Amino acid sequence: MIQPLAYIHPQARIAENVVIDPFVTIHKDVEIGEGTWIGSNVTIMDGARIGKNCRIFPGAVISAIPQDLKYKGENTHVVIGDNTTIRECVTINRGTNDRFKTEIGSNCLIMAYCHVAHDCLVGDNCIFSNNTTLAGHITVGDYVVLAGMVAIHQFVKVGSHAFVTGGSLVRKDVPPYVKAAREPLSYAGINSVGLRRRGFSEDKINEIQDIYRTLFVRNNNTTKALDIIEADFRPTQERDEILNFIQGSQRGIMKGFGNH
């Protein structure tokens, strides 16, 4: 159902059963999957690719050009997966010639007034609480929870299943499965509550905890800790994910508490 007071460019590609409320503006190069609801006063600009059964609340602006002076009008996109909810006044900018897209995965909840800048890649099942801000070129894994007013520096990576507490300034990479808190941002244990909710066994949670104790608690530098983890822990998906994340970090990882 499309309200007559909405403006939709005749070449926009709108699937069946999409509900578009009054005063919505949808530009030419836009695709919207079936079952999606677009609330009043939403603006969806060229390059948006929105999945099925999404909900976009009033005042959101999707796929505006990047706030990046290097952007020269290249053809880029915003891609939003299925079943994702975008709350009031969220802004998601399209990509530049770095990644050519900004992407939000499926089953995500992006709460009011969040900003996701150009070339960010966000995984599935993420929750960003109100006023969280992602600068450009950030990579966020699956099942990441960012509490309110988190601000993340450009090019930072946040690993899957991580939890970052409210008001945090994230300047370094946050490895998978951890809680990050304090100022400057530090290791605050593993995200055991989130892991239990997602079906991780107690043995698996204990394994992850022992790995991070080696890295963050036992006064090893990062190089020594990685050597110990590789030698003393049998290969598992979680162990290898942690090792690969830290070894591939370009900005460096956050530190253990008291090690700044």
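Residue numbers (our numbering): 51 to 310. Don't be surprised by glycine CBs; every beta carbon is placed ideally from N, CA and C. Since this is a predicted model, take the numbers as computed values, not measurements.
Check whether residue i and residue j have beta carbons under 8 Å apart
i      : j      : result
Val140 : Ile160 : yes
Tyr237 : His211 : no
Ser68  : Glu84  : Before going on, a small fix: residue 68 reads as Val here, not Ser. Yes, the Cβ-Cβ distance between Val68 and Glu84 is below 8 Å.
Ile142 : Thr152 : yes
His77  : Ile100 : no
Phe295 : Pro225 : yes
Gly244 : Val190 : no
Leu276 : Gln259 : no
Buried/exposed call for residue i, threshold 16 Cβ in 10 Å
i      : result
Pro72  : exposed
Glu233 : exposed
Pro116 : buried
Asn241 : buried
Met304 : buried
Ala167 : buried
Asp169 : buried
Ala281 : exposed
Lys207 : buried
Leu235 : buried
Glu288 : buried
Thr286 : exposed
Among the options, nearest to residue i - alpha-carbon criterion
i      : options                          : result
Gly306 : Arg99, Asp174, Asn181 and Gly239 : Gly239
Arg248 : Leu184, Cys176 and Lys102        : Cys176
Gln204 : Arg301, Phe150 and Asn147        : Arg301
Asn103 : Ile112, Ala110, Ile88 and Gly109 : Ile88
Lys122 : Phe150, Leu293, Asp132 and Ala98 : Phe150
Ala201 : Gly191, Val190 and Leu184        : Leu184
Asp132 : Ile106, Gly216, Asn256 and Arg63 : Ile106
Ser156 : Asn125, Val243, Thr86 and Val267 : Thr86
Gly209 : Asn125, Glu291 and Ala62         : Glu291
Asp148 : Cys158, His127 and Arg137        : His127
Cα-Cα separation, residue i to residue j
i      : j      : result
Ser90  : Val74  : 6 Å
Glu66  : Cys164 : 29 Å
Lys229 : Val214 : 6 Å
Asp118 : Ser251 : 44 Å
Tyr57  : Ile70  : 10 Å
Leu171 : His187 : 7 Å
Tyr262 : Ser218 : 20 Å
Ile255 : Ala62  : 47 Å
Ser299 : Ile279 : 17 Å
Pro323 : Val92  : Here the chain covers residues 51 to 310 and nothing more, so residue 323 does not appear.
Thr273 : Ala114 : 42 Å
Arg137 : Pro108 : 7 Å
Leu265 : Arg246 : 22 Å
List, from N- to C-terminal side, the alpha helix (DSSP H) runs of 4 residues or more that fit wholly inside the stretch 142 to 200. none
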